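Protein chains in written order, with my numbering: chain X, 1 to 130; chain H, 1001 to 1130; chain S, 2001 to 2130.
Down below is the structure, laid out as structure tokens.
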Amino acid sequence: DTKVLSANAPLGVGVDQELISAVPSHNPTFVSRNFTDAEIAYCRSQPSPPSSFAARWVGKEAVFKSLGVKSQGAAAAMKEIEILNDDSGVPTVYLHGRAKVQAAEKGISKVLISLSHSETVAIAFAQASS
Amino acid sequence: DTKVLSANAPLGVGVDQELISAVPSHNPTFVSRNFTDAEIAYCRSQPSPPSSFAARWVGKEAVFKSLGVKSQGAAAAMKEIEILNDDSGVPTVYLHGRAKVQAAEKGISKVLISLSHSETVAIAFAQASS
Amino acid sequence: DTKVLSANAPLGVGVDQELISAVPSHNPTFVSRNFTDAEIAYCRSQPSPPSSFAARWVGKEAVFKSLGVKSQGAAAAMKEIEILNDDSGVPTVYLHGRAKVQAAEKGISKVLISLSHSETVAIAFAQASS
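Below is the structure:
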């Protein structure tokens, strides 16, 4: 049984939202467990670090959903989903470790992400494709 | 006049949100008119049935928008858009009846969906493609 | 160095949200600077013009993000991103001026958009592809 995955097939989408106040970005353990050094440096350099951490947090959740893998709850390694801005300021997804392996197994070669935060709410959308 | 639709062409997107308190999931007529038996069983098994009904409700609205068909308002048969979780817990769209026919007429062969709810708000995103 | 972009490649996504009350649609300068005549006529014909202006405003922001170009802040010509409903009521994106040029340079040939507003919040999602 052969399965041919054409290029650019949409394979998953993910949306997530959270109250900024509900993301414990003031907790060093939460931050170091879930964000890479580059993400932490970026978020701390922004006008409102709590908003930036919250936006990246929902971004990671949205990417995770777009991968379509079974949730491991608190055990999910959100640090394996890294979101860094490119030269144009566009948030870009880098997968590491098991997240990278799981994406490859599903034929996912690209995950696009967009982030937004208002005064109180952070929201993210992710799209995974072959 | 021949129109060739290549595979994986993005044909529509849909976003919808609603206050969970604004979705009348306590109303048996609303529930039985808009949700399939399998959806009802799933939502009632969840920790917060009102949140789950609301998330599926906005999911149906988002799928409907992604199909790009004219709205029939209250007459739209939201039961024809069924959202059930697959084995990995990923919400998956099944179209029935007129919704299925309309999607086929537009060349839509796949609709991806993601759902999210916070304490108060449910949100969904859908993506339709050939 | 030749780059071949296949059709239907997903090139960017964009999400944006705003409190409806935070979009100054009562300000004629804001409106005339950011909306085309056709958009203004449409929004003013709707049951709640502030909600419609806010939805289109976040729609423009979401499209802008999906193009993946560097933000020019207040100088960004949001009027160059026009969102008009088609015959089925589906919001459709038309790019003009520099936005059109920048999209073409990135190989973007299509931008899909969906808009939603609750009582208080407007949200939009955009998807750009080749």
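Glycine included, every Cβ here is placed at the ideal spot set by N, Cα and C.
Since the model is a prediction, treat every value here as computed from it, not as a measurement.
Asked, Found
"Give, in chain order, every residue of the region 5-23 of chain X whose Cβ lies closer than 9 angstroms to some Cβ of chain H.", "S6, A7, N8, A9, P10, L11, G12, V13, G14, V15, D16, Q17, E18, L19, A22"
"List the endpoints of the continuous beta strand (DSSP E) containing S:Q2127.", "2121-2129"
"If we define contact as Cβ-Cβ less than 8 angstroms, is S:F2121 a contact residue for chain H?", "Per the sequence shown, the amino acid found at residue 2121 of chain S is Val instead of Phe. True, the Cβ-Cβ gap to chain H drops below 8 angstroms."
"Taking buried to mean at least 16 other C-beta atoms within 10 Å of its own C-beta, is S:S2088 buried or exposed?", "exposed"
"Starting from the beta carbon of H:I1132, find every residue of chain X whose beta carbon is closer than 7 angstroms, and list them in chain order.", "Outside the modelled stretch of chain H, which goes from 1001 to 1130, sits residue 1132 of chain H, for which no answer is possible."
"Looking at the structure shown, is H:Q1046 part of a helix, part of a strand, or coil, going by DSSP?", "coil"
"For H:L1019, which option in H:S1130, H:H1117, H:A1126, H:F1125 has the closest C-alpha, if you only look at C-alpha atoms?", "H:H1117"
"What does the alpha-carbon distance come out to for the pair S:E2061 and X:P28?", "33 angstroms"
"Excluding five sequence neighbours on each side, which residues of the same chain lie with their C-beta closer than 7 angstroms to the C-beta of H:D1086?", "T1092"
"Cα separation between S:D2001 and X:F53?", "Here the model assigns S:D2001 a pLDDT of 43, short of 50, so the residue's position is not dependable and the matter cannot be decided."
"Are the C-beta of H:Q1127 and some C-beta of chain X separated by less than 8 angstroms?", "yes"
"May I ask which residues mark the beginning and end of the beta strand (DSSP E) holding X:E82?", "81-85"
"With 8 angstroms set as the bound, which would you pick, yes or no: does the beta-carbon of S:G2068 sit closer than that to a beta-carbon of chain X?", "yes"
"From X:V111 to S:P2047, what does the alpha carbon distance come to, in whole angstroms?", "38 angstroms"
"Which one or two residues does DSSP pair with H:H1117 in a beta bridge?", "H:A1122"
"Is the CB of X:K131 under 8 angstroms away from at least one CB in chain H?", "As displayed, chain X neither begins before 1 nor continues past 130, which places residue 131 of chain X out of reach and without an answer."
"Using a 10 Å radius around the Cβ and a threshold of 16 neighbouring Cβ atoms, would you call S:T2120 buried or exposed?", "exposed"
"Using only the alpha-carbon positions, how far apart do S:I2083 and S:A2038 sit?", "9 angstroms"
"Along the chain, where does the beta strand (DSSP E) containing X:T92 start, and where does it finish?", "91-95"
"Identify the continuous beta strand (DSSP E) that holds S:V2015 and give its terminal residues.", "2010-2019"
"Check each candidate in S:L2067, S:Y2094, S:S2129, S:V2090 and name the one with the smallest Cα separation from S:K2079.", "S:Y2094"
"Whole angstroms is fine: what's the gap from X:Q17's alpha carbon to H:A1126's?", "15 angstroms"
"Would you please verify whether the beta carbon of X:S107 is less than 8 angstroms from any beta carbon of chain S?", "As written in the sequence, residue 107 of chain X is Gly, which differs from the Ser given in the question. It does not: the Cβ of X:G107 has no partner Cβ on chain S nearer than 8 angstroms."
"Any idea what DSSP makes of X:V69, helix, strand or coil?", "coil"
"Looking only at C-alpha atoms, which of S:A2124, S:S2129, S:A2122 sits nearest to S:A2104?", "S:S2129"
"Can you have a look at S:V2013 and say buried or exposed, based on whether 16 or more other CB atoms are within 10 angstroms of its CB?", "buried"
"For H:S1006 and X:F30, what's the separation of their Cα atoms in angstroms?", "45 angstroms"
"Give the DSSP-derived three-state secondary structure of S:K2110 in the structure shown.", "strand"
"If we ignore side chains and look at the alpha-carbon of each, how far apart do S:F2035 and S:L2011 end up?", "25 angstroms"
"State the CB to CB distance for the pair S:A2077 and S:G2059, rounded to an integer number of angstroms; the pair is presumed to be in contact (CB under 8 angstroms).", "Rounded, the Cβ-Cβ distance is 15 angstroms, inconsistent with contact."
"Using C-beta distances below 7 angstroms, list every residue in its chain close to H:S1025, excluding the 5 sequence neighbours before and after it, in chain order.", "V1031, P1049, P1050, F1053, A1054"
"May I ask you to report which of helix, strand or coil DSSP gives X:N34?", "helix"
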